[in-house]
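Residue numbers (the working numbering): 34 to 458.
Below is the structure:
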């Protein structure tokens, strides 16, 4: 099962649906959809086909006949949604969803029959994070025991989150003894919206667990940070990302590779030295690497983190803030940090194609960022309309499924272009 993780944007979306449905006297159901044969589709037809299949299934959910909020879609075979309905209708939601989602998906490469597994969890008074964890666990259990089935969350049979975290920690420790057997990296391009040129790629962790399927990156990073395993995991990610970047540079494709880094790693006094050693090993200049931290991680960083950031900057390594706008930093705080790039959070982009208020907010944020000496990348560009709106706002650098999904390096097209309204060619 591969589902989107518990990012702050997702939690806010769930809370908003929860509050609005309660205010209107209706009930909400959290839905997790999994493509049970995702691994087979990806292995035989490629990650791009799997991404297309997942997107089609997500769109089919919107035809349910109830009010459906599509919360997140993973290109690796999972989707999260919330269905708002009257309480007497709640019990029929699972079967109705299965009915609208079943059927062949025709792509440009093949005609695919996805095995659609659905997990459901009532969303009334529950905490969003807990409800998300429970619905994910429900669809995971169903996928393992009865692929293609529909099941509601049952606390009597569910794996407790603490037990799951402990189990994942042990599994990750074992995986890191031979990381290449289960771990891999996918790469998502950052494009110049004017020319379509790929200027950078972000390296994203993928963990294919032999029993659990694809483990969400947020889960893997969470248990790694809590257990101390983030150090060896981070070293592996950095090494593999730079190894791939070196191959691209040798073939004269001079893209910058973005690697996410944890504040736990930055507290190590030897981290900057390790980065310099890795760059030298792969014969890359420091400018080939950009290390990303989330806005919140930077804001709560201590003196050890700041000292390491200064060392990295002195080496010539580029630094970036991820998810800007999801936290609580100000432009003044931003100017005080040694950063080169700011990625605007997808929560500021998701509704700009139909919400004037959201568009005004994004315009204001971009205006403030114009005062800072940083490159701005707008994340979460999911459709042609959003890309067109961003062009009118003068945005140059963008990232999102519309402009390139995360794929293995051998599937990544470092060429391509865009037409005047932002379609990738």
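Every residue gets a Cβ at the ideal spot worked out from N, C-alpha and C, and that includes glycine.
Using the C-alpha atoms, what's the distance from residue j back to residue i?
| i | j | result |
| --- | --- | --- |
| residue 116 | residue 187 | 19 Å |
| residue 384 | residue 392 | 8 Å |
| residue 242 | residue 81 | 21 Å |
| residue 405 | residue 119 | 49 Å |
| residue 162 | residue 225 | 35 Å |
| residue 438 | residue 432 | 9 Å |
| residue 97 | residue 237 | 33 Å |
| residue 284 | residue 267 | 26 Å |
| residue 326 | residue 373 | 12 Å |
| residue 180 | residue 127 | 14 Å |
| residue 452 | residue 107 | Its pLDDT being 36, under 50, residue 452 is placed unreliably in this model, and the value from its coordinates should be taken loosely. Taking the straight line joining both Cα atoms gives about 26 Å. |
| residue 160 | residue 131 | 26 Å |
| residue 450 | residue 239 | Residue confidence for residue 450 is low, a pLDDT of 42 falling below 50, so the modelled location carries little weight; the figure read from the coordinates is stated next. Looking at the two C-alpha atoms, the distance is approximately 27 Å. |
| residue 415 | residue 123 | 30 Å |
| residue 49 | residue 68 | 27 Å |
| residue 390 | residue 396 | 10 Å |
| residue 280 | residue 350 | 19 Å |
| residue 424 | residue 227 | 8 Å |
| residue 223 | residue 288 | 10 Å |
| residue 184 | residue 152 | 5 Å |
| residue 290 | residue 244 | 31 Å |
| residue 399 | residue 47 | 26 Å |
Just to confirm my understanding: we take residue i, look at its own chain, exclude 5 residues before and 5 after, and list those with CB closer than 8 Å. What are they?
| i | result |
| --- | --- |
| residue 135 | 149 |
| residue 157 | 51, 55, 60, 61 |
| residue 269 | 209, 212, 216 |
| residue 323 | 233, 289, 290, 291, 292, 350, 351, 352, 353, 373, 374 |
Are the CB atoms of residue i and residue j nearer to each other than 8 Å?
| i | j | result |
| --- | --- | --- |
| residue 220 | residue 411 | no |
| residue 93 | residue 380 | no |
| residue 409 | residue 402 | yes |
| residue 104 | residue 95 | no |
| residue 282 | residue 321 | yes |
| residue 353 | residue 377 | no |
| residue 61 | residue 91 | no |
| residue 196 | residue 65 | no |
| residue 142 | residue 78 | yes |
| residue 71 | residue 109 | yes |
| residue 311 | residue 348 | no |
| residue 428 | residue 407 | no |
| residue 168 | residue 154 | yes |
| residue 328 | residue 355 | yes |
Apart from the five residues on each side of it in sequence, which residues of its chain come closer than 7 Å, Cβ to Cβ, to residue i?
| i | result |
| --- | --- |
| residue 344 | 305 |
| residue 494 | No answer is possible for residue 494: it lies beyond the span of the chain, which begins at 34 and ends at 458. |
| residue 205 | 253, 256, 257, 262 |
| residue 456 | Low local confidence applies: a pLDDT of 37 at residue 456 is under 50, so the model's placement there is unreliable, and no value is given. |
| residue 371 | 342, 343, 346, 352 |
| residue 53 | none |
| residue 444 | 79, 80, 81 |
Would you call residue i buried or exposed, if buried means 16 or more other Cβ atoms sit within 10 Å of its Cβ?
| i | result |
| --- | --- |
| residue 12 | This structure cannot speak to residue 12, because the chain is shown only from 34 to 458. |
| residue 293 | buried |
| residue 203 | exposed |
| residue 51 | buried |
| residue 121 | exposed |
| residue 248 | buried |
| residue 442 | buried |
| residue 426 | exposed |
| residue 277 | buried |
| residue 387 | exposed |
| residue 335 | exposed |
| residue 58 | exposed |
| residue 76 | exposed |
| residue 114 | buried |
| residue 73 | exposed |
| residue 318 | exposed |
Figure out for me which residue from the options has the closest Cα to the Cα of residue i.
| i | options | result |
| --- | --- | --- |
| residue 298 | 429, 330, 218 | 330 |
| residue 339 | 265, 302, 349, 99 | 302 |
| residue 418 | 435, 123, 179 | 435 |
| residue 313 | 130, 295, 166, 275 | 275 |
| residue 41 | 72, 210, 443, 165 | 165 |
| residue 369 | 342, 349, 382 | 342 |
| residue 63 | 394, 132, 56, 170 | 170 |
| residue 99 | 129, 84, 106, 319 | 129 |
| residue 85 | 147, 323, 47, 337 | 147 |
| residue 316 | 47, 430, 272 | 272 |
| residue 207 | 265, 250, 218, 356 | 265 |
Taking 6 Å as the limit between beta carbons, can you name the residues of its chain near residue i, skipping five residues before and five after?
| i | result |
| --- | --- |
| residue 89 | 138 |
| residue 447 | 231, 286 |
| residue 260 | 202 |
| residue 140 | 82, 85 |
| residue 235 | 221, 291 |
Chain C beta carbons: is any one of them nearer than 8 Å to that of residue i?
| i | result |
| --- | --- |
| residue 272 | Protein chains in the displayed structure number just one, and chain C is not present. |
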